[in-house]
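Q: Dropping a structure here in structure tokens format, bear with me for questions.
Residue numbers (full-length UniProt numbering): 1 to 200.
Following this line, the structure appears as structure tokens:
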């Protein structure tokens, strides 16, 4: 018995889901979470509301999928930029710079920084952020401690504090009258923090 019909249905289903996420992404950037309804998303995606609810139980679930997509794409920039360097300090510096550059993207600013806290809450955001960054950051910090690049510090606490500082920098950039200037200042501050962490 051929799997072709099932494969075709799966491809159409995935295509519908992708269309919904793409439509929602554009709408959330344009109008914000509160200004978008599931009907709006279905209409822009050119599908029925029943099709939307087949894939997502509610608007929050759609937003979560958009947030995961936006954050995943940002992580795909940050992690390779970091791993292109051989020292942990170099990796941390490069990863921070790439992250701060990514915060200038209007989609990242609107979806990840401005809308996600109210739409998803801290717990869901941190779960997704940790999946994207925390493991790699912890591994790098442990390596730096083992090789003597860093003093023996509590790795989990240090990693969480670094991510927290970057989240605050992202908020400053997203809400600034001049995002480019705010990004530059965040870079200066981040380099000073790394200098202090690694003892210059």
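All C-beta atoms, glycine included, are put in the ideal place defined by N, C-alpha and C.
Compute the beta-carbon to beta-carbon distance between residue 25 and residue 100, rounded to the nearest angstrom, for a pair I have assumed lies under 8 angstroms.
A: About 22 angstroms separates the two Cβ atoms, so there is no contact after all.
Q: In angstroms with no decimal places, state the Cα-to-Cα distance between residue 42 and residue 197.
A: The straight-line gap from Cα to Cα measures roughly 49 angstroms.
Q: In or out: residue 150 buried (at least 16 other Cβ within 10 Å) or exposed?
A: By the 10 Å Cβ count, residue 150 comes out buried.
Q: Looking at C-alpha atoms only, which residue of 162, 15, 124 and 170 is the closest neighbour of residue 60?
A: With distances taken between Cα atoms, residue 60 lies closest to 124.
Q: Helix, strand or coil for residue 160 per DSSP?
A: In the structure shown, residue 160 sits in a helix (DSSP, three-state: H, G or I).
Q: Over the uninterrupted alpha helix (DSSP H) stretch that includes residue 100, give me the two end residues.
A: From DSSP, the alpha helix (DSSP H) with residue 100 extends over 88-102.
Q: What first and last residue would you give for the alpha helix (DSSP H) that runs through residue 71?
A: That run of the alpha helix (DSSP H) goes 59-83.
Q: Please return the same chain residues whose Cβ sits closer than 6 angstroms to the Cβ of residue 138, not counting the five positions on each side in sequence.
A: Within the same chain, residue 138 has close Cβ partners 155 and 159.
Q: Which residue comes first and which comes last in the alpha helix (DSSP H) that contains residue 179?
A: Taken as a continuous stretch (DSSP letters only), the alpha helix (DSSP H) holding residue 179 covers 179-197.
Q: Apart from the five residues on each side of it in sequence, which residues of its chain come closer than 8 angstroms, Cβ to Cβ, to residue 73?
A: Here the set comprises nothing.
Q: Should residue 37 go down as buried or exposed, given a rule of 16 or more other Cβ atoms within 10 Å for buried?
A: Exposed, by the Cβ-count rule.
Q: How is residue 129 classed by DSSP in three states: helix, strand or coil?
A: Looking at residue 129 - three-state DSSP - the assignment turns out to be helix.
Q: With 16 as the cutoff for other CB atoms within 10 Å, does residue 12 come out buried or exposed?
A: Classification for residue 12: exposed.
Q: What do you get for residue 62, buried or exposed, if any count of 16 or more other CB atoms within 10 angstroms of its CB means buried?
A: With 16 or more other Cβ atoms within 10 Å, it is buried.
Q: With distances taken Cα to Cα, identify the nearest neighbour of residue 203 among 45, 161 and 142.
A: Because the chain spans 1 through 200 in this model, residue 203 falls outside it and cannot be assessed.
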